[in-house]
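K.L.:
Encoded as structure tokens, here's the structure I'll be asking about.
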Amino acid sequence: MDIDKQKNFSEWFNTIISSAELADLRYNVKGFVVFRPWSVKSMKLMYTAYEAELERRGHSPALFPALIPESNFKIEGEHVEGFTPQVFWVEMAGGNKLEERLAMRPTSETAMYQMYALWIQGTADLPLKIYQSCQVWRYETKATKPFFRSREFHWIEAHDCFADEAGARGQVREDMEMTQAVLFEQFGIPFLFFQRPEWDKFPGAVHTYAADTLMPDGRVLQLPSTHLLGTNFAKAFNVYYQNDKGERAPVWQTCYGPAISRIYGAMFSVHGDNRGLVLPYDFAPLQVVIVPILGKDKDGTAILQYCQEVLEMLTRAGIRAKVDDSPNTPGFKYNHWELQGVPLRVEVGGREAEQKTLTLVVRDAPPKTKATVPLASAIEIVRKEGSLLSARLTAKADDYFKAHLSHAATMDELKAALEKGCIVRVPYCSMEKNEGKACADEIKAKFAGDVRGIKYDEKPPHAKEKCVQCGRDAKHWAYVARQY
RNA sequence: GGGGCUAUGUGCUAACCUGGUAUGCUACCGCGUUCGGGACGCGGUGGUCUGGGUUCAAAUCCCGGUAGCCCCA
12 MDIDKQKNFS EWFNTIISSA ELADLRYNVK GFVVFRPWSV KSMKLMYTAY
62 EAELERRGHS PALFPALIPE SNFKIEGEHV EGFTPQVFWV EMAGGNKLEE
112 RLAMRPTSET AMYQMYALWI QGTADLPLKI YQSCQVWRYE TKATKPFFRS
162 REFHWIEAHD CFADEAGARG QVREDMEMTQ AVLFEQFGIP FLFFQRPEWD
212 KFPGAVHTYA ADTLMPDGRV LQLPSTHLLG TNFAKAFNVY YQNDKGERAP
262 VWQTCYGPAI SRIYGAMFSV HGDNRGLVLP YDFAPLQVVI VPILGKDKDG
312 TAILQYCQEV LEMLTRAGIR AKVDDSPNTP GFKYNHWELQ GVPLRVEVGG
362 REAEQKTLTL VVRDAPPKTK ATVPLASAIE IVRKEGSLLS ARLTAKADDY
412 FKAHLSHAAT MDELKAALEK GCIVRVPYCS MEKNEGKACA DEIKAKFAGD
462 VRGIKYDEKP PHAKEKCVQC GRDAKHWAYV ARQY
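Going by this note's numbering, the first sequence opens with residue 12, and the numbers climb by one from there.
Laid out in structure tokens, this is it:
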């Protein structure tokens with residue numbers, strides 16, 4: 012495709028979505044997109060990886076209804092206020108107006124917690140750790156963007172209950188660990204977790220911790236967030252248990268929401284290059300494509316037979332492979348499968364068929380870098396090259412991310428760093444709404460920068476540091492970036 | 001939240017200003033030749049986003065709707 016991802020990310024992004032057939036944007040409801048097979052295959056693999064990690068850590072799957080009665084939805088005050096502007100409502104069924112309208116879930120707290128109240132009686136029922144993989148709907152008023160911000164998106168939401176605060180805080184840490192284990196170690200997406208400012212929390216939460224990654228245009232994108240809900244929802248939804256002293260106590264809750272469709276968008280944006288997609292080996296719909304090269308003077312049948320032999324060998328080993336025996340020329344196929352981000356290509360012509368070898372090309376190698384490998388060790392080499400490719404992608408993404416972390420002590424420095432597309436650490440007055448929000452508004456108005464919060468585990472600055480904006484004593488190191 | 005731009009076959013596009021048979025490439029279908037980095041010849045299918053208005057006549061002019069993109073906050 013040959014568009015410079017760094018210089019013109021928006022054009023790159025739109026072009027790759029249509030030319031690699033990731034989504035079709037022509038569906039005629041604003042903010043709703045059709046996800047096409049190539050993206051869905053990867054997203055299913057990503058779901059499976061995430062679900063496995065959740066289950067390893069004690070979560071069980073469930074499926075709750077998509078519709079929530081308005082009366083349920085309105086039980087927790089802050090939550091209602093935060094989400095109501097974003098709700099799609101069902102008001103009719105058939106020709107009848109419903110007595111009570113139904114919210115299409117923007118998130119499932121208010122669907123799940125009334126059931127939790129019935130399920131939880133005592134300490135024996137805790138902790139309760141449940142997730143569901145589903146889609147949710149939010150009437151976004153900001154500009155929508157496929158994968159990054161749609162009005163319908165696909166996610167996992169985990170909703171956990173504990174006997175006490177320590178249990179809930181432990182879960183928040185575990186959610187961060189899971190994010191590291193899946194998002195970074197498997198998908199190769201670097202991020203930082205920030206505790207969001209008080210004015211930017213999940214509606215109804217005590218604290219919100221969210222992972223921000225960085226896109227090639229220098230804007231951050233929020234990936235999974237985990238919320239310490241405290242006992243706010245438990246009290247509202249009557250989720251109480253009898254503790255070991257015989258008292259009736261509200262449970263402590265957390266929720267965690269990795270949006271797979273958005274994470275997929277981040278994954279291909281981080282790893283892609285000017286020729287197209289570059290996918291980590293484990294999440295590529297197709298891991299190896301075999302391209303037969305049928306020369307005029309060669310025996311085409313023998314070459315195709317050899318291709319089938321290679322295919323069966325790889326498939327039996329559990330490798331996702333296919334032979335591209337379409338009538339296109341080899342050069343066309345190379346370009347096509349590079350655009351699609353297939354990690355490894357095997358070229359098979361007369362030479363390979365005779366000598367029982369394969370010509371192997373790795374997606375992220377410089378163009379025309381090819382290696383000859385013996386058929387006998389094909390499986391071993393494919394697996395090794397696949398995992399090396401994924402490791403290189405992760406390392407490269409991590410280097411890029413770290414190179415775009417910056418520090419500023421003055422507003423001028425902050426401006427310069429934001430213009431370079433950095434996430435910028437600054438001394439900052441306060442994360443409380445009535446003390447610190449005015450500075451955030453000022454930074455937003457001046458440089459379009461957003462105060463993302465404080466790093467979860469970072470020590471606060473020395474007393475002599477002054478807020479970058481107002482000059483009062485700085486209580487925090489805050490991180491500022493332009494956001495999606 | 002504010003502003004701008006756009007909509008013609010699968011995609012890209014010409015015709016729009018100055019109303020009159022809708023252009024080319026690509027893709028797709030058929031036949032043949034090709035195949036070690038985006039092949040070629042011949043034939044073929046298929047189109048003016050949507051609703052109204054003006055007009056003898058609308059892709060073209062006017063008004064509304066829908067959808068997409070970009071910029072600013």
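We treat Cβ as the ideally placed atom computed from N, Cα and C, and that holds for glycine.
If you check the beta carbons only, do LYS85 and GLY283 fall under 8 Å apart?
P.N.:
no
K.L.:
Could you check how far apart the C-beta atoms of ASP186 and THR237 are, in whole angstroms? I think they sit under 8 Å.
P.N.:
4 Å
K.L.:
Based on the DSSP output, what are the partners of TRP148 in its beta bridges?
P.N.:
GLU163
K.L.:
Within 10 angstroms of the Cβ of GLU110, are there 16 or more other Cβ atoms? Answer buried if so, exposed if not.
P.N.:
exposed
K.L.:
Run through DSSP, which three-state label would ASP136 get?
P.N.:
helix
K.L.:
Suppose you measure from the CA of ARG68 to the CA of ARG162; what does that come to, to the nearest Å?
P.N.:
30 Å
K.L.:
Return the first residue and the last residue of the alpha helix (DSSP H) that LEU322 is part of.
P.N.:
311-327
K.L.:
Among the residues of its own chain, which have a CB less than 8 Å from the CB of TRP130, if the five just before and after it don't count?
P.N.:
Contacts found: ASP136 and LEU139.
K.L.:
Is HIS238 helix, strand or coil when you go by DSSP?
P.N.:
strand
K.L.:
If you drop the 5 nearest sequence neighbours on each side, which residues of the same chain put their C-beta closer than 7 Å to that of PHE159?
P.N.:
LEU232, ARG273, GLY276 and TYR495
K.L.:
So HIS282 is in the alpha helix (DSSP H); what residue range does that whole segment cover?
P.N.:
271-282
K.L.:
I need the DSSP call for LYS108, collapsed to helix, strand or coil.
P.N.:
strand
K.L.:
What are the boundary residues of the beta strand (DSSP E) that includes PRO438?
P.N.:
From DSSP, the beta strand (DSSP E) with PRO438 extends over 434-439.
K.L.:
With a 10 Å radius around its C-beta and 16 neighbouring C-beta atoms as the bar for buried, classify LEU425 as buried or exposed.
P.N.:
buried
K.L.:
Alpha carbon to alpha carbon, what distance is there between ALA451 and TYR439?
P.N.:
9 Å
K.L.:
When you compare the region 386-393 with the region 321-331, are there three or more beta-carbon pairs, one atom per stretch, that lie closer than 8 Å?
P.N.:
yes
K.L.:
Under 8 Å by Cβ, that's how I've got ILE200 and VAL281 pegged, so tell me the actual separation to the nearest angstrom.
P.N.:
Confirmed, about 6 Å.
K.L.:
So does PRO471 have its beta carbon nearer than 7 Å to some heavy atom of the ligand GDP?
P.N.:
For the structure depicted, the ligand GDP is absent and the ligand set is empty, with no information on it obtainable.
K.L.:
In the DSSP assignment, the alpha helix (DSSP H) including ASP452 goes from what residue to what residue?
P.N.:
444-458
K.L.:
Would you tell me roughly how many angstroms separate the C-alpha atoms of GLY178 and ALA34, rounded to the nearest one?
P.N.:
41 Å
K.L.:
Can you have a look at TYR252 and say buried or exposed, based on whether 16 or more other CB atoms are within 10 angstroms of its CB?
P.N.:
buried
K.L.:
Mind checking whether ALA194 and LYS466 have CB atoms under 8 Å apart?
P.N.:
In the sequence under discussion, the amino acid at residue 194 is Leu, which differs from the Ala named in the question. No. Outside cutoff.
K.L.:
Contact between the region 470-478 and the region 206-221 is defined here as three or more beta-carbon pairs at a separation below 8 Å; is this criterion met?
P.N.:
As far as the Cβ criterion goes, the region 470-478 does not touch the region 206-221, which means the pair count is below three.
K.L.:
Grab the span of the beta strand (DSSP E) containing PRO80 for me, first residue to last.
P.N.:
78-80
K.L.:
Would you kindly report the start and end of the unbroken alpha helix (DSSP H) that includes SER21?
P.N.:
20-30
K.L.:
Can you tell me whether DSSP reads GLY42 as helix, strand or coil?
P.N.:
coil
K.L.:
Using three-state DSSP, classify HIS218 as helix, strand or coil.
P.N.:
strand
K.L.:
Measure the alpha-carbon distance for CYS318 versus ILE301 and round it to whole angstroms.
P.N.:
7 Å
K.L.:
For a test of the three-state rule: what should DSSP assign to PHE205, helix, strand or coil?
P.N.:
strand
K.L.:
Just tell me which of THR155, ARG207, VAL217 and LEU322 has its CA closest to the CA of ARG180.
P.N.:
VAL217
K.L.:
Would the beta-carbon of MET123 fall within 8 Å of that of PHE99?
P.N.:
no
K.L.:
Among residues of its own chain, excluding the 5 on either side of GLY464, which ones have a beta-carbon nearer than 6 Å to its beta-carbon?
P.N.:
PHE205, GLN206, ARG207 and PRO208
K.L.:
With H, G and I counted as helix, E and B as strand and the rest as coil, what does DSSP make of GLY178?
P.N.:
helix
K.L.:
Under 8 Å between the Cβ atoms of PRO354 and GLN298?
P.N.:
Their beta carbons are under 8 Å apart, which means PRO354 touches GLN298 by this criterion.
K.L.:
Along the beta strand (DSSP E) that carries PRO303, what are the first and last residues, could you check?
P.N.:
299-303
K.L.:
Using CA atoms only, rank isn't needed, just tell me which of GLU258, PHE43, ARG184 and PRO303 is closest to GLN132.
P.N.:
GLU258
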